[in-house]
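What follows is a set of notes on a single structure, which appears directly below.
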Amino acid sequence: GRQLQLREVEGILLQAATVDNWSEIQNFEAKPDDLLICTYPKSGTTWIQEIVDMIEQNGDVEKCQRAIIQHRHPFIEWAQPSQTSGVEKANIMPSPRILRTHLPTQLLPPSFWENNCKFLYVARNAKDCMVSYYHFQRMNQMLPDPGTWEEYFETFINGKVAWGSWYDHVKGWWEIKDRYQILFLFYEDIKRDPKHEIQKVMQFMGKNLGETVLDKIVQETSFEKMKENPMTNRSTVPKSILDQSISPFMRKGTVGDWKNHFTVAQNERFDEIYRQKMEGTSINFCMEL
Ligand code: A3P
Numbered sequence: 008g009r010q011l012q013l014r015e016v017e018g019i020l021l022q023a024a025t026v027d028n029w030s031e032i033q034n035f036e037a038k039p040d041d042l043l044i045c046t047y048p049k050s051g052t053t054w055i056q057e058i059v060d061m062i063e064q065n066g067d068v069e070k071c072q073r074a075i076i077q078h079r080h081p082f083i084e085w086a087q088p089s090q091t092s093g094v095e096k097a098n099i100m101p102s103p104r105i106l107r108t109h110l111p112t113q114l115l116p117p118s119f120w121e122n123n124c125k126f127l128y129v130a131r132n133a134k135d136c137m138v139s140y141y142h143f144q145r146m147n148q149m150l151p152d153p154g155t156w157e158e159y160f161e162t163f164i165n166g167k168v169a170w171g172s173w174y175d176h177v178k179g180w181w182e183i184k185d186r187y188q189i190l191f192l193f194y195e196d197i198k199r200d201p202k203h204e205i206q207k208v209m210q211f212m213g214k215n216l217g218e219t220v221l222d223k224i225v226q227e228t229s230f231e232k233m234k235e236n237p238m239t240n241r242s243t244v245p246k247s248i249l250d251q252s253i254s255p256f257m258r259k260g261t262v263g264d265w266k267n268h269f270t271v272a273q274n275e276r277f278d279e280i281y282r283q284k285m286e287g288t289s290i291n292f293c294m295e296l
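Residues are numbered in full-length UniProt numbering as their position in the sequence shown, beginning at 1, plus a constant of 7.
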């Protein structure tokens with residue numbers, strides 16, 4: 008098995024190298040024209056990144072591929088010994104910058120709030136998110152082995168996974184969404200009506216693209232296209248990090264795959280815990296299309 012340790016910052020588990028680098032991360036200097044893509048892991052980060060890039064490059068696939076090679080949205084909390092950190096990458100990047108994080112609101116470097124940056128948050132329903140995270144931990148050698156599905160079920164609902172509890176993450180971002188420049192999107196909405204959601208992102212980014220370009224972005228950011236695209240399917244990442252023979256990075260890309268994993272008893276237990284943990288919030292998820 009993998010001998011991997013997650014470590015806590017303010018009760019939130021993070022990768023050890025991130026915690027080692029914590030003061031650099033907290034002191035990160037955001038700029039007023041930064042756009043930060045925020046997600047809980049496995050909520051459609053790669054998908055929204057591709058949508059944002061395609062919008063930025065006016066639907067030009069080749070420019071988009073080149074942009075990915077040059078700077079794929081530095082991941083603020085990324086740190087690995089002897090590698091360029093996410094903060095270092097962001098620091099040398101020309102503005103306007105598009106950055107990425109999985110951090111919950113309370114752990115975000117304060118300069119993002121101070122500079123009133125734009126935040127693009129994508130949320131995915133907890134059940135599909137759990138399923139996706141389980142398979143991701145099976146194949147991602149940089150995260151702990153998830154154990155059996157039954158074991159992982161407990162780990163996830165107790166928030167004992169990297170980047171902490173799904174419930175707290177989603178609630179945290181949802182509660183502040185009207186106080187900052189936050190575009191709050193749902194994975195399930197993008198799946199159901201990609202053009203409509205892509206249009207929202209476009210407006211949020213201050214861009215104005217025509218129908219033809221929008222239709223092209225819809226096509227190019229479909230699951231099928233992104234699964235084939237070596238720039239988005241992570242096929243360039245070595246097997247020692249992402250072992251896609253265990254589970255592909257572009258796994259299923261659907262809403263409702265949880266039905267293939269949850270037993271009836273697990274589902275009832277999950278719903279009960281969900282009600283408790285999400286009590287008092289107005290956020291509403293769609294669990295099937
Ligand atoms: P599944 O494991 O359910 O297939 P992240 O990028 O945040 O790690 O999220 C990964 C999840 O988003 C995976 O979910 C992946 O298949 C899905 N995904 C990636 N691109 C997608 C797309 N274009 N359309 C739908 N789902 C997509």
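Think of the CB as a built atom: it goes at the ideal place given N, C-alpha and C, for glycine as much as any other residue.
- At least one heavy atom of the ligand A3P falls within 7 Å of the beta-carbon of M233.
- The stretch 150 to 157 makes no contact with the stretch 85 to 102; the number of CB pairs closer than 8 Å stays below 3.
- Nearest Cα to H80 within the set K70, D60, A86 and D67: D60.
- K184 sits in coil when the DSSP states are folded into three classes, being neither helix nor strand.
- DSSP places A37 in the coil class of the three-state scheme, outside both helix and strand.
- When DSSP assignments are scanned along the stretch 46 to 95, no uninterrupted stretch of beta strand (DSSP E) that is 3 or more residues long falls wholly within it.
- When beta bridges are read from the DSSP output, V129 appears opposite T46 and L192.
- Proximity to C136 across S247, P245 and Y47 peaks at Y47, based on C-alpha coordinates.
- Short note on T46: C-beta closer than 7 Å to some heavy atom of the ligand A3P.
- Counted as a single uninterrupted DSSP element, the beta strand (DSSP E) harbouring Q22 occupies residues I19 to Q22.
- When beta bridges are read from the DSSP output, E15 appears opposite L20.
- The residue among N215, M257, T243 and L249 with its C-alpha nearest the C-alpha of T228 is M257.
- Segment contact: the stretch 217 to 237 against the stretch 53 to 67, three or more CB-CB distances shorter than 8 Å; contact assigned.
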